[in-house]
Amino acid sequence: MKLQPSDQLTNAQVKTGLHLILKDGLATETINTLTAGTFLVAIALYMGASNVQIGVLAALPTLTNIFQLVSVWLVQRFNNRRAITVTGAICARVPLLLIGTLPLLFSDTASVSALIFLLSFQYLFASIAGGSWNSWMRDLIPQQILGSYFSHRSRLMQILNVTLSLFIAMSIDHIKEHYPAHEITAYACMFIISGIAGMWGAYALARTPEPKSKPINDNIVKLFSKPLTVPNFRKLLVFNSCWIFAFNLVTPFFSVYMMKNLGLPLVYVISLNIVSQVSSITSIKLWGRCSDRYSNKTIIRICAPVYITCIMAWSVIGIMSSVFMLPVLVIMHMLMGASNAGITLALQNVGLKLAPADEGIVYLVTKNMCTAVFSATAPLVGGLLADFFTSHFVIDLFGRGQWNLFFMAGAVVGVLSMKLLKAVSEDGELDKKLLVAELQHNFKKRVRNWHHLPILRRYFYLRKAIVFKKGLSLEFDDLIQFKGWNERQPKA
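In our numbering, the protein residues as written are 45 to 536.
Here's what the structure looks like:
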């Protein structure tokens, strides 16, 4: 199979590429669901990982983002993004298959070290592949369908994530209850399945056409240092880095706290994460509309205090009885999901607004590199703080004083980072009271119209129409097909 780029793509090639990228997205989401987040924490805890080791695992994805610079160098050197992406993807999948053999080869203690070692290579090669993939997609996907295509792709990935997470969580809890000796085997199978799915995704990428790109001749060091000389953009980098540090300082340990200290089953933890995810998905459209009408800085000024309040609430959740604790956890995860969606969107959009049009990519990559350092450092510091508080402080503050101090420390860092937001300037910035009034109006409107259930009704009719139209012979390719691209229309 030749991996050389084409001088010009036909509309039929573009349509084929759009479909193959959907398959790659589903394969990538399978990997992320089975080998990251809560499941990775559960595996690490089963192997006896310390808080520091869990912090290292949480830091690996962002720490290795710095290797996107290697991807830029490779593209500059060979000008073949498909070959770089496919090679990096295959190299990133091999460690997942090797991790599946760890329980058979090592003791529990050694397995944690080997897990971190192999995952570091997985994230490293995935980062290199991701850098060239972003540039490739920018030239492959027509600009007029960019938003609708990626929203369709994200929707498919989110559906897979929710479905797979619930199924795996219930399966793991069933195995722990009835076949505890096979729990580690189940975890190993998850890595093997993710590795196989990743190879399938790499095969889809290898078949995806690539339009030839213009060679990059500028000096990389000068190219990426230029954004640091712009005062307002530099202030944005400082705030963004500090907020990411506060966010990642405590967030990776929410699952640890729920499973290890509150004693919640894995299926409960996964369900709460899904609640947060659904809240994020349902609120992102509202935040996008508010971003256009008001300003991104205003969204951050509203959403960040909500998230910080939720971090502080973790300090008192331990004293509640299970009757009150679970409903409060559900509300907290709903608020964290919605507020984090607004913060993430606003930070992305304000970066786009402050970056010059002709050098936007350089500014945004520089932003990603700077925030990656703080995002990777935060879980490591969080793991050290968690171990320090639990081993050096013996106090009874709201039930679990050591962890309460840890969560309060994260909230303090978040409050301090908000002070830095005032220095950032953005065109069109308005009083946040206007946005609060808008949110209240939307909430009241939805409550009044709730009995109509229009969304659920449209969804039900759509699913029913698909079933009756396709019958039981509904094919996978038809199910995920993107229909927003007409082969006859010119590619922008």
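Even glycine gets a Cβ: it sits at the ideal position worked out from N, Cα and C.
All values reported here derive from a predicted model rather than from experimental measurement.
Residue i - containing alpha helix (DSSP H), residue span
{"i": "T82", "result": "G81 to Y90"}
{"i": "N340", "result": "N340 to A357"}
{"i": "K279", "result": "P275 to V294"}
{"i": "D268", "result": "Checking the sequence shown, residue 268 turns out to be Phe, not Asp. Run containing F268: I264 to S269, per the alpha helix (DSSP H) assignment."}
{"i": "A93", "result": "Careful: A93 lies outside any alpha helix (DSSP H) and carries neither H nor E."}
{"i": "I240", "result": "E227 to R251"}
{"i": "P186", "result": "Careful: P186 lies outside any alpha helix (DSSP H) and carries neither H nor E."}
{"i": "T54", "result": "Run containing T54: none; DSSP gives neither H nor E here."}
{"i": "F298", "result": "F298 to K304"}
{"i": "S115", "result": "Q112 to F122"}
{"i": "G132", "result": "R125 to I143"}
Rounded C-alpha distance that separates residue i from residue j
{"i": "Y90", "j": "F450", "result": "23 Å"}
{"i": "F432", "j": "M378", "result": "30 Å"}
{"i": "G92", "j": "M364", "result": "28 Å"}
{"i": "M413", "j": "A127", "result": "24 Å"}
{"i": "V130", "j": "R333", "result": "37 Å"}
{"i": "A390", "j": "A348", "result": "11 Å"}
{"i": "V468", "j": "G426", "result": "27 Å"}
{"i": "S209", "j": "Q97", "result": "23 Å"}
{"i": "T421", "j": "K411", "result": "16 Å"}
{"i": "R121", "j": "L107", "result": "24 Å"}
{"i": "D471", "j": "G386", "result": "18 Å"}
{"i": "T388", "j": "H222", "result": "41 Å"}
{"i": "Q57", "j": "P255", "result": "10 Å"}
{"i": "S461", "j": "I219", "result": "43 Å"}
{"i": "L47", "j": "M376", "result": "48 Å"}
{"i": "N276", "j": "F283", "result": "11 Å"}
{"i": "R182", "j": "I134", "result": "22 Å"}
{"i": "V189", "j": "I228", "result": "According to the sequence shown, residue 189 is Ile rather than Val. Their Cα atoms are separated by approximately 44 Å."}
{"i": "F268", "j": "V409", "result": "8 Å"}
{"i": "T72", "j": "L159", "result": "19 Å"}
{"i": "W287", "j": "T353", "result": "14 Å"}
{"i": "G61", "j": "V206", "result": "26 Å"}
{"i": "A86", "j": "L70", "result": "23 Å"}
{"i": "I65", "j": "M201", "result": "12 Å"}
{"i": "F211", "j": "M243", "result": "22 Å"}
{"i": "Q321", "j": "V372", "result": "17 Å"}
{"i": "C233", "j": "L306", "result": "28 Å"}
{"i": "V360", "j": "M303", "result": "16 Å"}
{"i": "F526", "j": "S257", "result": "25 Å"}
{"i": "V156", "j": "G81", "result": "16 Å"}
{"i": "R197", "j": "V367", "result": "38 Å"}
{"i": "L424", "j": "F291", "result": "13 Å"}
{"i": "I524", "j": "R199", "result": "10 Å"}
Residue j beta carbon less than 7 Å from that of residue i
{"i": "Q112", "j": "A136", "result": "no"}
{"i": "S383", "j": "Y351", "result": "yes"}
{"i": "R251", "j": "S179", "result": "no"}
{"i": "P139", "j": "L162", "result": "yes"}
{"i": "A248", "j": "K67", "result": "yes"}
{"i": "L118", "j": "P253", "result": "no"}
{"i": "F83", "j": "I143", "result": "no"}
{"i": "A213", "j": "V311", "result": "yes"}
{"i": "S327", "j": "V313", "result": "no"}
{"i": "Y193", "j": "I203", "result": "no"}
{"i": "S164", "j": "L104", "result": "yes"}
{"i": "S215", "j": "I75", "result": "no"}
{"i": "A88", "j": "L78", "result": "no"}
{"i": "A123", "j": "P259", "result": "This sequence places Asn at residue 123; Ala is not what is there. Yes, the pair counts as a contact, with Cβ atoms nearer than the cut-off."}
Same chain only: Cβ atoms within 8 Å of residue i, ignoring 5 sequence neighbours per side
{"i": "Y301", "result": "W358 and W447"}
{"i": "N393", "result": "S335 and N340"}
{"i": "V374", "result": "L316 and V319"}
{"i": "S115", "result": "I128, G132, S171, I172, A173, G174, G175 and S176"}
{"i": "D521", "result": "H63"}
{"i": "D569", "result": "Since the first and last residues shown for the chain are 45 and 536, residue 569 lies out of range."}
{"i": "I343", "result": "W331, C334, S335, G386, I387, L389, A390 and L479"}
Cβ-based neighbour list, residue i, same chain, cut-off 6 Å, excluding 5 preceding and 5 following
{"i": "N109", "result": "S171 and A416"}
{"i": "S323", "result": "M378, G381 and A382"}
{"i": "G174", "result": "none"}
{"i": "F289", "result": "F418 and A422"}
{"i": "Y407", "result": "P271 and A399"}
{"i": "G99", "result": "P423, L424, G426 and G427"}
Spatial neighbours of residue i in its chain, beta-carbon cut-off 7 Å, leaving aside the 5 residues before and after
{"i": "I355", "result": "V294, F451, G454, A455 and G458"}
{"i": "A430", "result": "N95, F297 and F450"}
{"i": "I325", "result": "Q202"}
{"i": "R278", "result": "L272"}
Can you list the alpha helix (DSSP H) stretches of 4 or more residues lying completely in the stretch 363-433, in chain order? 366-398
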